[in-house]
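Numbering (our numbering), first residue to last: 532 to 703. A virtual CB, placed ideally from N, CA and C, is assigned to each residue, including glycine. Remember, predicted model here, so these are calculated numbers, not experimental data. Have a look at the structure below before the remarks.
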Amino acid sequence: MTLSFVLDPPLTDTLRERIVELWTEVTNAGGAVGFVAPVTAGEVRPVAEAAFAGVEAGIDRLLVGLDGDRLVALLFVADNRFGLKAHWRVLKRVMVAPGGQGRGYGAALMREAAAVGRKMGLTGLQVTLRDGHGLDAFYRGLGYTQVGRIPGALRVAPGDDRDEVFMWLDLR
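Next comes the structure, spelled out in structure tokens:
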């Protein structure tokens, strides 16, 4: 694995397009990153642009994983935008390219996010997941604990409601 990480890379037009492409690819491969397949880049782009705006404003952070010069993983370290929660962040849109899954990229990305959080002086990281993908076991393996669950909070299709699961990593 030749994975390297960049925190807050310049959001060039090329990187923006690569992120939208990855986001679309991950969704269409079954990933739970805010959409339900099938999705087009045109549907992903406005949500991606909103996430980019938080990074450009210096409120949120973007962590990308590269295999050589190829974008293979990313997540956003999102500020809670509330003073009483300034000591922790939410990891959003955690994704790994389908071809990179099973190669340790996801675990490496999450370990790097924890290192970033510690460098930022945070006391914890929270990640929210859509139940039904087995992701809770993945996050538990990285030291996260389930701290909440909202039954049926996510309607992925008529008659297919999934629990929204909240997991926490204590960085203290």
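What are the residues that DSSP puts in a beta bridge with residue i?
i, result
"phenylalanine 536", "Gly596"
"glycine 679", "Phe697"
"valine 627", "Ala604"
Can you check which of these residues, the options, is closest to residue i by C-alpha distance?
i, options, result
"threonine 676", "Ala609, Leu666, Leu685 and Asp544", "Leu666"
"glycine 663", "Thr545, Gly562, Ser535 and Ala645", "Gly562"
"proline 629", "Val603, Ala646, Val647 and Thr654", "Val603"
"alanine 512", "Gly655, Gly635, Val586 and Val551", "Nothing can be reported for residue 512: it is not among the residues displayed for the chain, which extend from 532 to 703."
"leucine 653", "Val625, Gly585, Leu546 and Ala609", "Ala609"
Could you spell out where the alpha helix (DSSP H) holding residue i opens and where it closes?
i, result
"arginine 661", "Where arginine 661 is concerned, there is no enclosing alpha helix (DSSP H), although the beta strand (DSSP E) it sits in stretches over 655 to 661."
"phenylalanine 613", "First-last for phenylalanine 613: undefined, no H or E at that position."
"arginine 768", "Shown here, the chain extends from 532 to 703; a query on residue 768 therefore has no answer."
Roughly how many angstroms separate the alpha carbons of residue i and residue j, rounded to a whole number?
i, j, result
"aspartate 600", "leucine 700", "30 Å"
"threonine 571", "asparagine 559", "9 Å"
"tryptophan 619", "arginine 649", "10 Å"
"aspartate 598", "leucine 534", "5 Å"
"alanine 638", "leucine 673", "7 Å"
"arginine 703", "valine 621", "16 Å"
Mind checking which residues open and close the beta strand (DSSP E) that includes residue i?
i, result
"valine 564", "That residue, valine 564, is in no beta strand (DSSP E); it is neither H nor E in DSSP."
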